[in-house]
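One structure is given below, encoded as structure tokens.
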Amino acid sequence: MGSKKIFIMAGEASADLHGANLVKSLLELSPDLEFYGVGGPKMRGAGVKTFYDIKELNTVGLVEVFGKALSLYRIYRHILKRLREGGVSLAIFIDFPGLNIRLGRKTKDMGIPPVYYIGPQVWAGRTPWRVRKIARSFARILVIFPFEVPYYQKKNGQVEFIGHPLLDVVRPSMSKEEAREVFGLDPQNYTIGLFPGSRPSEIELLLPPILQTCQIILNTLPETQFVLALADTLTSDQVEGPLSSANLPIKIIEGRPYDVMQVSDFLLLSSGTATLEAALMEKPMIILYKLHFFSWLLSKIFLKAPYLGLVNDIAGQEIAAEFQQYRISPQKMARVAIETLQNPGIYSAKVETLKALRPQLGIPGAARRAAQSILELL
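In this text, residue positions in the sequence shown follow the numbering used here: the first is 2, and each later residue adds one.
What follows is the structure, encoded as structure tokens:
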């Protein structure tokens with residue numbers, strides 16, 4: 002196979018990770034491929050030449066998207082311009098439906114085969130038209146949950162279940178004992194991991210109630226240790242303000258989420274991919290979800306999933322306590338955490354429930370299977 006150029010688009014931290022692993026798998030199978038597009042540090046490390054960074058796309062909530070509409074539209078127009086310049090053999094779009102569905106349609110109109118890798122959670126929305134639009138707009142849709150396949154098949158979409166890519170990446174770099182030593186933690190005391198999100202708006206809305214919860218836990222369990230996992234898309238400056246005001250003994254660890262999960266006995270985290278990562282690490286957790294008010298009202302209209310956390314959606318029941326919007330209560334969250342940590346029976350039951358989720362995610366090797374499927378289109 003001669004040298005071919007592939008455009009690849011990721012819009013957030015988790016997509017950057019999955020995009021990087023997909024690129025590595027594609028290059029293993031076809032070393033002459035060239036990649037350019039939109040991504041983050043992990044995709045650049047895998048060999049993608051990026052002309053926009055994911056930090057420029059980092060929004061959550063419909064109102065927040067409207068607030069960045071001009072900037073996103075400018076990025077959208079520039080991407081189309083780059084695609085029209087020619088020489089692109091195929092385009093890969095990872096999650097980020099707000100921009101990627103529209104780009105997929107335009108790309109297909111240009112005669113470039115578009116692939117949707119890790120499509121949006123269509124099963125969680127009240128928008129059946131979106132499934133039809135995706136099915137018509139993409140040459141292939143690679144999904145990560147088996148129950149997603151029928152949604153696209155009903156609309157004649159070219160869909161393939163490849164398994165969940167997290168099965169290949171959720172691996173800490175050290176043992177729990179080693180992590181305790183590296184992070185300076187006392188093995189005799191409880192450790193709680195904090196995952197307030199990867200976007201500035203999540204830090205703004207979720208970190209304050211998380212810190213209040215930590216304070217209440219300390220009042221009952223004064224030797225408890227806290228470790229905050231800082232996402233690659235954020236800087237320490239963005240969390241230091243709230244942390245200094247709270248004056249709590251919290252260690253900040255950058256870029257090592259799985260080591261933070263490994264060393265933790267319990268987690269407080271934002272909804273999304275992190276909940277599934279925590280499940281694969283078999284860590285009991287509390288899930289938080291909060292948007293700005295009007296974004297939340299709109300989400301109530303468009304979302305129909307009974308749960309906010311992926312881990313609960315997959316399980317079909319609330320195996321991790323959820324606290325959303327005005328129901329976020331530091332007192333109640335602290336109570337759940339303390340009860341779980343102090344009751345071995347409750348703790349072990351939660352761990353066993355989390356273990357049972359793994360078979361529903363397929364088998365390892367998702368990125369390689371995705372790469373093989375994509376190469377069929379070249």
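Idealized CB from N, CA, C, for every residue including glycine.
Values in this document were obtained by computation on a predicted structure and should not be read as measured data.
For F324, list the residues DSSP reports as bridge partners.
L289
Could you please give the first and the last residue of the uninterrupted alpha helix (DSSP H) stretch that includes F97?
Counting along the chain, F97 falls outside any alpha helix (DSSP H), and DSSP gives it neither H nor E.
Identify whether F146 lies in helix, strand or coil by the three-state DSSP scheme.
coil
To the nearest angstrom, report how far apart S90 and T221 are at their CA atoms.
Between the C-alpha atoms of S90 and T221 there is a straight-line separation of about 60 Å.
In angstroms, rounded to a whole number, what distance separates the CA positions of G41 and R137?
Distance between the alpha carbons of G41 and R137: 28 Å.
Is it true that the segment 215 to 229 meets the segment 276 to 294, where meeting means three or more beta-carbon pairs spaced less than 8 Å apart?
The segment 215 to 229 is not in contact with the segment 276 to 294.
Given that a residue counts as buried once 16 or more other Cβ atoms are within 10 Å of its Cβ, and exposed if not, what is L63?
Interpretation of L63 is limited by its pLDDT of 49, a score under 50 that renders its predicted location unreliable; the figure taken from the coordinates is listed afterwards. Buried: at least 16 other Cβ atoms inside 10 Å.
I93 to S199, Cα distance in whole Å?
23 Å
Hey, would you say V144 sits closer than 8 Å to V160, going by beta carbons?
yes
Flag this pair as yes or no: are the beta carbons of L100 and Y118 separated by less than 8 Å?
no
Leaving aside the five residues before and after A280 along the sequence, list all residues of the same chain whose C-beta is less than 6 Å from its C-beta, in chain order.
Here the set comprises V312, L355 and L358.
With H, G and I counted as helix, E and B as strand and the rest as coil, what does DSSP make of A335?
helix
Could you check the C-alpha separation between P365 and S246 for me, to the nearest Å?
Spanning the two alpha carbons is a distance of roughly 43 Å.
Quick check: is the beta carbon of G198 nearer than 8 Å to any beta carbon in chain C?
Protein chains in the displayed structure number just one, and chain C is not present.
Mind reading off the beta-carbon distance from P114 to L277? Whole number of angstroms is fine, and I expect it under 8 Å.
Incorrect: roughly 29 Å between the Cβ atoms, too far for contact.
Which residue's Cα is closest to the Cα of Y74: L84, L58, R85 and G87?
L58
What is the residue span of the beta strand (DSSP E) that E224 lies within?
Run containing E224: none; DSSP gives neither H nor E here.
Could you check the C-alpha separation between E224 and T51 for me, to the nearest Å?
About 45 Å.
Using a 10 Å radius around the Cβ and a threshold of 16 neighbouring Cβ atoms, would you call V352 buried or exposed?
exposed
Quick check on A11: does DSSP put it in helix, strand or coil?
strand
Please confirm whether T274 and S15 have their CB atoms less than 8 Å apart.
yes
Under a three-way DSSP split, which group does G38 fall into?
Reduced to three states, the DSSP call for G38 is strand.
Please name the residue or residues paired with G46 in a DSSP beta bridge.
Looking at the DSSP assignment, G46 forms no beta bridge with any residue, so it has no partner.
What is the DSSP secondary structure of E161, reduced to helix, strand or coil?
strand
Hey, out of Q326, P209 and L18, whose CA is closest to D233's CA?
L18
So, with DSSP's three-state summary, where would you put F184?
helix
For V171, name the three-state secondary structure that DSSP assigns.
coil
Classify G317 as buried or exposed, calling it buried when 16 or more other Cβ atoms lie within 10 Å of its own Cβ.
exposed
Is DSSP giving L358 helix, strand or coil here?
Here L358 sits in coil by DSSP.
Go to P243, then tell me how far its alpha helix (DSSP H) extends in each direction, as first and last residue.
D238 to A247
Would you kindly check if the distance between the Cβ of F227 and the Cβ of L249 is under 8 Å?
Yes.
To the nearest angstrom, how far is it from the Cα of D238 to the Cα of G256?
15 Å
How about L231 and I211: do their beta carbons lie closer than 8 Å?
no
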